[in-house]
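Okay, so here's the structure we're looking at.
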Amino acid sequence: MARIDFAFGATEKITQACQTTLKQYLAGHQIVVYCSDAQRLKAFDDKLWAVEATAFVPHVMATDPLAEQTPIWLVSSNLGPVLARAPATAWLLNLDDLCPPTLGSTARVIEIVSDDEDDKIAARLRWAQYKAGGHDLKAHQLA
14 MARIDFAFGA
24 TEKITQACQT
34 TLKQYLAGHQ
44 IVVYCSDAQR
54 LKAFDDKLWA
64 VEATAFVPHV
74 MATDPLAEQT
84 PIWLVSSNLG
94 PVLARAPATA
104 WLLNLDDLCP
114 PTLGSTARVI
124 EIVSDDEDDK
134 IAARLRWAQY
144 KAGGHDLKAH
154 QLA
């Protein structure tokens with residue numbers, strides 16, 4: 014079963030997701046970022062290019078020919094085959110309102126939850142679904 018880390022209290026979900034991605038990238042983790050909402054994934058992509066003035070966070074769509082040489086993959090559909098290609102140590106950052114359609118062999122999932130009421134409601138449903146699946150759930154409060 015996967016470890017699922019919920020980070021509650023983000024002022025702005027996409028900004029926090031970018032900061033978390035930068036932190037995990039600098040720690041040496043490969044990350045697969047999933048969101049079925051193409052507009053939200055594009056907003057994340059755009060913001061990740063400018064997460065910090067002096068930071069460079071290499072990322073591409075998982076279908077890009079350079080994906081195998083890039084530590085952060087973005088995916089909006091067909092998550093299963095993407096996770097099958099990713100190293101077993103890769104982390105999955107879920108930006109979707111629902112649980113990912115599959116976790117594959119992913120050992121670690123990150124969920125960012127904003128202070129928006131609709132986002133909190135969706136997170137509670139994801140929490141319940143992960144719990145029913147027997148996953149190891151951890152809650153973290155962002156300052």
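Here the working numbering is used: position 100 in the sequence shown is 113, and no number is missing along the way. Every residue, glycine too, gets a C-beta built ideally from N, C-alpha and C.
> What is the DSSP secondary structure of residue 147, counted as helix, strand or coil?
Replying inline: coil
>> Let's see if you can read the secondary structure: which residues bound the alpha helix (DSSP H) around residue 61?
In response: 51–61
> By a C-beta neighbour count over all protein chains shown, 10 Å radius and 16 as the cutoff for buried, is residue 33 buried or exposed?
Replying inline: buried
> Under 9 Å between the Cβ atoms of residue 45 and residue 104?
Replying inline: yes
>> Using only the alpha-carbon positions, how far apart do residue 88 and residue 48 sit?
In response: 7 Å
> Which stretch, first to last residue, makes up the beta strand (DSSP E) that contains residue 97?
Replying inline: Premise fails: residue 97 lies in the alpha helix (DSSP H), 92–98, not in any beta strand (DSSP E).
> Which same chain residues, not among the five before or five after residue 14, have their C-beta less than 8 Å away from its C-beta?
Replying inline: 146, 147, 148, 149
> When you compare only the Cα positions, how much space is there between residue 69 and residue 142?
Replying inline: 35 Å
> If you count every other CB in all the chains shown that lies within 10 Å of the CB of residue 50, and 16 or more means buried, which is it?
Replying inline: exposed
> So residue 39 is in the beta strand (DSSP E); what residue range does that whole segment cover?
Replying inline: From DSSP, residue 39 is part of no beta strand (DSSP E) but of the alpha helix (DSSP H) over 26–39.
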